[in-house]
Every structure is written in C-alpha cells, then in structure tokens.
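*Asks:* Numbering (my numbering), first residue to last: 5 to 130. Structure provided below as structure tokens; questions to follow.
Written out as structure tokens, the structure reads:
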C-alpha cells in the first residue's frame, strides 16, 4: 500500500498552484471543474511521484484554527541541509513567513517550517 495523494481546501486555486509549481517543481494536470457542485481542483505531482490535490468549492471559505486536532503540516524532503537553507532563505526573501528554523530538532531532524500563501504549514527537511 501507499498513500495515493493528500488534498487541501484553498481559497485561491491559481495562486496556490503557482506557489507549488514555482518552489517545489510540481507539475499540474488540467483543472477539473464541476459546475453543478461549484468545485474545482488540480492535482500537483512532485518529481518523486507524490501528489497534492488543491481544491476549491463555493461555500468552503473558513480556515481551521491553529493547534487543533487533525493534519498539522506537509513535509517536503529537499535532499540536503544546503537545499533546506537555500529554500528557506529564498522563501523569506520573497516575502513568505518562516515559522521556525532552519534548525536541528530535538529528535535529530534538520528542518525549517514555512507557511504557504494561505498559511498552511510546510516542513522543509533533508
């Protein structure tokens, strides 16, 4: 078994698509749009084959609260400490919020945590 994909609700579908394509080299499929359900989505595929579905639907427009039960973050392996440092600096220089790091965590991971354009946490790691 393997996880086929994970999905996230977003407000600005095109901006989020652009973010993941620009910074994480994802490739997108063509937009799916169900006019009746007022739903649209993209599947973004990483080089590893992992997929992230970004979805938007009329009426789903409230963010979840911080520190709640459920999914906490998306972790993306960049392959090296230098890559984590470089990507963190690049995102910071381009105006994205850096939540923590880069640092070595108590359990030995090297990581930084950033927010995507809609405030979802992304852990950048080796």
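Glycine is no exception: its CB is placed at the ideal position from the N, C-alpha and C atoms.
(1) Counting only the same chain and skipping the five closest in sequence on each side, list residues whose C-beta sits under 7 angstroms from that of residue 42.
(2) Please list the terminal residues of the continuous beta strand (DSSP E) segment that includes residue 117.
(3) Verify whether the separation of the beta carbon atoms of residue 85 and residue 114 is less than 8 angstroms.
(4) I need the straight-line Cα distance from residue 16 to residue 32, nearest angstrom please.
(5) Can you tell me the Cβ-Cβ gap for residue 79 and residue 129, rounded? I've got them flagged as a contact below 8 angstroms.
(6) Using CA atoms only, rank isn't needed, just tell me which of 82, 106, 83 and 81 is closest to residue 93.
(7) Can you name the start and end residues of the alpha helix (DSSP H) that residue 20 belongs to?
(8) So, for residue 47: in the same chain, excluding its five sequence neighbours on each side, which residues have a beta-carbon less than 6 angstroms away from its beta-carbon?
(9) Just reading off the beta strand (DSSP E) that residue 37 is part of, what are its end residues?
(10) Output needed for residue 13: all residues of its chain with C-beta closer than 6 angstroms, excluding positions within five of it in sequence on either side, in chain order.
*Replies:* The structure says:
(1) The residue you call residue 42 lines up with position 38 of the chain shown. Once the five neighbours on either side are set aside, the close Cβ partners of residue 42 are 61 and 62.
(2) The residue labelled residue 117 in the question sits at position 113 within the chain shown. In the DSSP annotation of this structure, the continuous segment of the beta strand (DSSP E) that includes residue 117 starts and ends at 114-119.
(3) As a working note, residue 85 is residue 81 in the chain shown. As a working note, residue 114 is residue 110 in the chain shown. Yes, Cβ-Cβ distance for residue 85 and residue 114 is below 8 angstroms.
(4) Mapped onto the chain shown, residue 16 falls at position 12. Mapped onto the chain shown, residue 32 falls at position 28. Cα to Cα, the separation comes out at about 15 angstroms.
(5) What you label residue 79 is simply residue 75 of the chain shown in a count that begins at 1. What you label residue 129 is simply residue 125 of the chain shown in a count that begins at 1. Correct: roughly 6 angstroms between the Cβ atoms.
(6) By 1-based counting over the chain shown, the position of residue 93 is 89. Considering only 82, 106, 83 and 81, the residue with the shortest C-alpha distance to residue 93 is 106.
(7) As a working mapping, residue 20 is identified with position 16 in the chain shown. Residue 20 -> alpha helix (DSSP H) spans 17-28.
(8) Numbered from its first residue, the chain shown carries residue 47 at position 43. Within the same chain, residue 47 has close Cβ partners 33, 55 and 57.
(9) Here residue 37 corresponds to residue number 33 of the chain shown, with the count starting at 1. 36-38 is the extent of the beta strand (DSSP E) around residue 37.
(10) The count along the chain shown starts at 1 and reaches residue 13 at position 9. Spatial neighbours of residue 13 in its own chain (CB-CB distance under 6 angstroms, excluding positions within 5 residues in sequence) are listed in chain order as 59 and 64.
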